[in-house]
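Below: one structure, written as structure tokens.
Chains as they are written, first to last, in this note's numbering: chain A, 3 to 339; chain B, 23 to 390.
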């Protein structure tokens, strides 16, 4: 496969506090290829949004990148100065945030905000920039774009505003879009439209998307590959079909069991006992050990690294080949891998 | 929009009527106007005749209506002390007060907004904290000389010894004390330093003034400009600290919002973000307070004008109080109320100019 567009290696994000350092994202690695949608799923506080924010270099102090590296097209971007990174933001990496209602400045027309972004990253004349802005609004499906361009954000509905936000992210034709919970604040019917739009743009422009969400349904609908995060670590990473159909990590298994599906006569949805540990008391060994139904001795001692199971990674000792003695807990897939 | 303006105008008229009522009551019931006008040798018959001639025996509503009728035409009666129409006296003295208020307002706005932005953006920097501490020291030291000097010194030391964020917030909350300091102390201190000790600037009066069509101005002569400096600072300093603190807190608030975060994610320059996006949003609430403050600048001019013997309407009012010159007092009251009402109206209209969300008739119909 070609070189990845974005490559994150051993990324570690820390928050120094008075009672010691909190590790919010702990040693995660993943790649995103051109035109690919990578879903990042996990509970609140799993570190998914922080990962996204650190890629665009907008981690807010006191949070800081304490280790690892982020490369865009092979070039390190985590060590760039604020000004150099600013030129990449919006131009090569676009971003979409959760709440379209608050992402737009209420005092300026959407046209002004689009033109301003376009002119920041290109040397278009104001007239050309405005034409491009109308084009963008049209592309993201805003009817009568040439008239709506002079409207203020409050004159748009939530779904329309999210389309405007997407248009803003697309201004300079970025290679990668970080979409942080892009549909969470929207109605379900609007969600589907926005997801379809993201997929379409991805297909037509070859834009890669890192789709951060807590909604497995959104991932299943949109992503090519999925990374499941738990307590600042990647628990499982693989093609979306694989992960959904044959989840390997007990956390993913639990996550899948908790999604309702039509056509299965389950009496109750399974739920994962307990809750994710706070960053201050992540247990030694595997972070999932207090809640894991298949937990065994080693999980309390050693921290599992992602283990390669073909095209699928899972950070779980159940799949460690060197540890063949504990066969009783193994799944057939792992035995044959 | 039109309906809004009409509603506002009606409200303004009601406010003015209420003030007129107070003003009129002052006229009628504080002391006996006849006693104030005539000498000892006037007989009871002459007094009664004068009372009848001035319409003071008419029923209350008739008198009140006459008062309002006259006020609308700008007539407020004859000053007891100077025996001239009140409106003439005020017209002579108004330019002095308005020029002073203008200078202080510009000083407070420009420096206040500037420092507010600076401290909001540079809140982590030493310079930013220095400005904040200096503002605190300046205000506190004037509040009460010795005690505050000690407090201020301690605060300064604390600021630089500990680099934690809480220091900034402590200073901000303590500088609340500074906001409530008395204006006359600043004036006296400034006179002491710059007029008495250093001898750089005049300690009282307007200096030479030039009269242009009945409007006397101190802007055109060097001595007139010099004379404006100390009273201008005295009158504006309080508003300055208030505006600075307000701009700072609003700006910090706005910088935390999602649209600023999104503006950063769009790769806009810091200048575009801070001055294009953040500042405009900061100004919405700042306009209200600042507008009302401009009204208080004219009203508070009483104290500054007394300290600097500034020949404006404030000083006129104080002298009128000393001599129980009721017509001057009630005219002054009406004038200040009018200034506040007008400023309020302008502030509301400015909102419309700044914030598109208030332009109701366009909202929701964007696609038409």
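C-beta: ideal position from N, C-alpha, C; glycine also.
Outcome for residue i when other beta-carbon atoms lying within 10 angstroms are tallied against a minimum of 16
i: residue 357 of chain B; result: buried
i: residue 319 of chain A; result: buried
i: residue 31 of chain B; result: exposed
i: residue 197 of chain A; result: buried
i: residue 176 of chain A; result: buried
i: residue 283 of chain A; result: exposed
i: residue 363 of chain B; result: buried
i: residue 190 of chain B; result: Any answer about residue 190 of chain B is weak, because its pLDDT of 47 lies below 50 and its placement is not dependable; what the coordinates show is given next. Answer is buried; the Cβ neighbour count reaches 16.
i: residue 211 of chain A; result: buried
i: residue 200 of chain B; result: Confidence at residue 200 of chain B is low in this model, with a pLDDT of 46, below 50, so its placement is unreliable and the value that follows should be read with caution. The residue is buried, with at least 16 neighbouring Cβ atoms inside 10 Å.
i: residue 291 of chain A; result: buried
i: residue 25 of chain B; result: exposed
i: residue 189 of chain A; result: exposed
i: residue 94 of chain A; result: buried
i: residue 43 of chain B; result: exposed
i: residue 202 of chain B; result: With a pLDDT of 49 at residue 202 of chain B, under the threshold of 50, the modelled position of this residue cannot be trusted; read the value that follows with caution. The residue is exposed, with fewer than 16 neighbouring Cβ atoms inside 10 Å.
i: residue 214 of chain B; result: exposed
Range covered by the beta strand (DSSP E) that runs through residue i
i: residue 234 of chain B; result: 232 to 234
i: residue 275 of chain B; result: Careful: residue 275 of chain B lies outside any beta strand (DSSP E), inside the alpha helix (DSSP H) at 244 to 277.
i: residue 40 of chain B; result: Unbroken run through residue 40 of chain B is the alpha helix (DSSP H), 24 to 51; no beta strand (DSSP E).
i: residue 16 of chain A; result: 8 to 19
i: residue 213 of chain A; result: 210 to 215
i: residue 238 of chain A; result: 235 to 241
i: residue 321 of chain A; result: Where residue 321 of chain A is concerned, there is no enclosing beta strand (DSSP E), given that its DSSP letter is neither H nor E.
i: residue 342 of chain A; result: No statement about residue 342 of chain A is possible, as the shown extent of chain A runs from 3 to 339 and does not include it.
i: residue 23 of chain A; result: 22 to 34
i: residue 232 of chain A; result: 227 to 232
i: residue 106 of chain A; result: Element bounds for residue 106 of chain A: n/a, residue is neither H nor E.
i: residue 74 of chain A; result: 66 to 74
i: residue 238 of chain B; result: 237 to 239
i: residue 284 of chain A; result: From DSSP, residue 284 of chain A is part of no beta strand (DSSP E); its letter is neither H nor E.
i: residue 61 of chain B; result: Here residue 61 of chain B belongs to no beta strand (DSSP E), and DSSP marks it neither H nor E.
Residue i versus residue j - alpha carbon distance
i: residue 151 of chain A; j: residue 115 of chain A; result: 10 angstroms
i: residue 331 of chain B; j: residue 322 of chain B; result: 14 angstroms
i: residue 164 of chain A; j: residue 170 of chain A; result: 10 angstroms
i: residue 118 of chain A; j: residue 59 of chain A; result: 21 angstroms
i: residue 272 of chain B; j: residue 35 of chain A; result: 42 angstroms
i: residue 6 of chain A; j: residue 140 of chain A; result: 31 angstroms
i: residue 51 of chain A; j: residue 232 of chain A; result: 12 angstroms
i: residue 296 of chain B; j: residue 286 of chain B; result: 10 angstroms
i: residue 8 of chain A; j: residue 125 of chain A; result: 26 angstroms
i: residue 25 of chain A; j: residue 256 of chain B; result: 53 angstroms
i: residue 211 of chain B; j: residue 50 of chain B; result: 41 angstroms
i: residue 47 of chain A; j: residue 63 of chain A; result: 17 angstroms
i: residue 258 of chain B; j: residue 85 of chain A; result: 39 angstroms
i: residue 42 of chain A; j: residue 108 of chain A; result: 30 angstroms
i: residue 18 of chain A; j: residue 72 of chain A; result: 21 angstroms
i: residue 253 of chain A; j: residue 298 of chain B; result: 46 angstroms
i: residue 108 of chain B; j: residue 353 of chain B; result: 7 angstroms
i: residue 22 of chain A; j: residue 149 of chain A; result: 54 angstroms
i: residue 103 of chain B; j: residue 370 of chain B; result: 40 angstroms
C-beta contact flag for residue i and residue j at 8 angstroms
i: residue 117 of chain B; j: residue 222 of chain B; result: no
i: residue 224 of chain A; j: residue 213 of chain A; result: yes
i: residue 276 of chain B; j: residue 239 of chain B; result: no
i: residue 37 of chain A; j: residue 204 of chain A; result: yes
i: residue 46 of chain B; j: residue 98 of chain B; result: no
i: residue 167 of chain A; j: residue 106 of chain A; result: yes
i: residue 275 of chain A; j: residue 260 of chain A; result: no
i: residue 230 of chain A; j: residue 222 of chain A; result: no
i: residue 320 of chain B; j: residue 123 of chain B; result: yes
i: residue 138 of chain B; j: residue 270 of chain B; result: yes
i: residue 314 of chain B; j: residue 134 of chain B; result: no
i: residue 97 of chain A; j: residue 15 of chain A; result: no
Limits of the alpha helix (DSSP H) - the one that residue i falls within
i: residue 128 of chain B; result: 108 to 143
i: residue 72 of chain B; result: 66 to 75
i: residue 196 of chain A; result: 190 to 207
i: residue 287 of chain B; result: 280 to 287
Practice item. Could you run through the segment 111 to 137 of chain A and flag, in chain order, every residue whose CB is less than 9 angstroms away from some CB of chain B? Key: Listed by position, the residues of the segment 111 to 137 of chain A near chain B (Cβ gap below 9 angstroms) are 111, 115, 118, 119, 122 and 123.
Practice item. Could you name the residues of the segment 45 to 64 of chain A whose beta carbon sits closer than 7 angstroms to any beta carbon of chain B, in the order they occur along the chain? Key: Cβ contacts with chain B: 58 and 60.
Review point. What residues from the segment 296 to 312 of chain B come within 7 angstroms of chain A, judged by C-beta to C-beta, listed N to C?
Key: The residues in question are 299, 302 and 303.
Point to revise | chain A contacts made by the segment 260 to 290 of chain B, where a contact means CB separation under 9 angstroms | key: Cβ contacts with chain A: 279, 280, 281, 282, 283, 284, 285, 286, 287, 288, 289 and 290.
Exercise for review: For the segment 366 to 381 of chain B, enumerate the residues whose C-beta is nearer than 9 angstroms to any C-beta of chain A, in chain order.
Suggested key: Those would be 376, 377, 378, 379 and 381, in chain order.
Check your understanding: Any residues in the segment 100 to 130 of chain B with a beta carbon nearer than 7 angstroms to a beta carbon of chain A? Which ones, in chain order?
Key -> Answer in chain order: no residues at all.
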